[in-house]
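For what it's worth, my numbering labels the leading residue of the sequence shown as 39, then goes sequentially. Using N, Cα and C, we set each Cβ at its ideal position, and we do this for glycine too. Worksheet: the structure to be examined is printed underneath.
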Amino acid sequence: MSLAARPQPPASASPVGVFDSGVGGLSVLGALRAELPRERFVYFADTAHAPYGERGDAYVTEHSRRVVDTLVREHGIKALVVACNTATTAAIHVMRAENPELPIVGLEPAIKPAVAGSATGHVSVLATRGTLASAKYAALRHTFPHPERIRSVPCDGLVAAIERLDELAIDQLCAHYMALAGPFGGDAGETDTVVLGCTHYPLLQDRLRRHAPSAVRFLDSGVPVALQTRRLLAAAGLLQERARPLDDAWVALRSSGDAAVLQSAAARWLGLRPSDLLPDRPQASTA
Ligand code: DGL
Numbered sequence: 039m040s041l042a043a044r045p046q047p048p049a050s051a052s053p054v055g056v057f058d059s060g061v062g063g064l065s066v067l068g069a070l071r072a073e074l075p076r077e078r079f080v081y082f083a084d085t086a087h088a089p090y091g092e093r094g095d096a097y098v099t100e101h102s103r104r105v106v107d108t109l110v111r112e113h114g115i116k117a118l119v120v121a122c123n124t125a126t127t128a129a130i131h132v133m134r135a136e137n138p139e140l141p142i143v144g145l146e147p148a149i150k151p152a153v154a155g156s157a158t159g160h161v162s163v164l165a166t167r168g169t170l171a172s173a174k175y176a177a178l179r180h181t182f183p184h185p186e187r188i189r190s191v192p193c194d195g196l197v198a199a200i201e202r203l204d205e206l207a208i209d210q211l212c213a214h215y216m217a218l219a220g221p222f223g224g225d226a227g228e229t230d231t232v233v234l235g236c237t238h239y240p241l242l243q244d245r246l247r248r249h250a251p252s253a254v255r256f257l258d259s260g261v262p263v264a265l266q267t268r269r270l271l272a273a274a275g276l277l278q279e280r281a282r283p284l285d286d287a288w289v290a291l292r293s294s295g296d297a298a299v300l301q302s303a304a305a306r307w308l309g310l311r312p313s314d315l316l317p318d319r320p321q322a323s324t325a
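The structure is reproduced here in structure tokens:
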């Protein structure tokens, strides 16, 4: 694979790249759009190779590198948001080493705010097997005084069910994994906070909530990642300052699989309209 340098240095008008194994990163894209409404984005779903979460680090690293290479070479992105917990844990160090000049924001399960705001001290983390088995996750968990109170629930099959929009499987898996995440409540030993440690899961938040009392809090990483992206862009002098109409096209959608499937997922999960869409390939310069 060629990892050639980008053709020209990115400017503040260049897009921010956002990538995930599939449609899950759309949950992060929504938070990015809300925080950075002047920016343009290019969202890459590596659907042809999803799901990442049950496949091992070498596979995830190889495909993540290819996606970043495409975003840098073909779109000249000015920053990258790895909107995938699994790719962050497996490959962010490789992406950073290979693109030292590119600001890169990764994700980690929102355990810190979960533990800080928990009255019982018991939180459950729903995530992929890959994320939960990683050294990064183990290290994060052990920064807390009571790691044994952080329950890890690997949700095998859930990402695949979301990608193929298998409603029955989604419902069954949500019920199954939420049963493993409990018992819920506000008494000693009960879980009062659920961390959505995979970017696909916030898309299902309403369905997951059906299986827990209404007082249980659900946390994901979308907003903190959007804030961190703003900080990195500002520090690099790459924030888009130019005001433009908020209804301008603002995002290009690219998929290694079926582009139409990604587009309808973006309409369903993000309310994206055709007028929001930039061309999915950069237009040739007329200069
Ligand atoms: N959205 C990815 C994450 O946050 C899903 C990984 C997968 O493809 O299994 O981990």
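Quick check: what's the CA-CA separation for residue i versus residue j?
i    : j    : result
R248 : D225 : 20 angstroms
T85  : V254 : 32 angstroms
A69  : Q301 : 18 angstroms
S59  : R280 : 31 angstroms
R306 : Y81  : 16 angstroms
L277 : L271 : 5 angstroms
G295 : H214 : 29 angstroms
A83  : G63  : 8 angstroms
F57  : L316 : 16 angstroms
G144 : R311 : 27 angstroms
A173 : T126 : 12 angstroms
H401 : R134 : The shown model of the chain, from 39 to 325, leaves out residue 401, and the question about it has no answer.
Y97  : N123 : 15 angstroms
E186 : S52  : 44 angstroms
S40  : L109 : Bear in mind that a pLDDT of 47 at S40, under 50, signals an unreliable position, so the model cannot answer this.
G55  : E228 : 39 angstroms
V163 : F256 : 10 angstroms
H180 : S313 : 46 angstroms
S156 : V197 : 27 angstroms
A219 : A165 : 11 angstroms
Looking at residue i and the ligand DGL, is the gap between the Cβ and the nearest heavy atom below 8 angstroms?
i    : result
C122 : yes
Y175 : no
V263 : no
G91  : yes
D58  : yes
A125 : yes
A88  : yes
G168 : yes
G260 : no
A303 : no
L145 : yes
A253 : no
A165 : yes
As a quick exercise: from the options, pick the residue whose alpha carbon is nearest that of residue i.
i    : options               : result
S293 : H87, L67, H184, G68   : H87
T267 : A96, A83, D95, A121   : A121
I208 : T99, L242, V161       : L242
P221 : P262, L109, V161      : V161
R167 : P185, A128, F57, H180 : A128
A49  : S102, F57, A117       : A117
L170 : R189, T108, V98       : R189
P240 : S65, G55, V197, R78   : S65
D286 : M216, A250, E77       : E77
Could you tell me which residues DSSP pairs with residue i in its beta bridges?
i    : result
T231 : V161, R255
A96  : Answer by DSSP bridge pairing: none, since A96 is not bridged.
R189 : S162
D286 : DSSP output for D286 lists no bridge partner at all.
Y81  : V56, L291
L315 : V289
F222 : T229
May I ask you to report which of helix, strand or coil DSSP gives residue i?
i    : result
Y90  : coil
V119 : strand
M39  : Residue placement at M39 is poorly supported in this model, since its pLDDT is 45, which falls under 50; the coordinates are not used for a value here.
V143 : strand
Q301 : helix
R202 : coil
R76  : coil
A250 : coil
H113 : helix
D195 : Here residue 195 turns out to be Gly, not Asp, going by the sequence shown. Here G195 sits in coil by DSSP.
For the ligand GDP, I want to know if residue i counts as a neighbour, meaning its beta carbon is within less than 8 angstroms of at least one of the ligand's heavy atoms.
i    : result
C236 : What this structure holds is the ligand DGL, not the ligand GDP.
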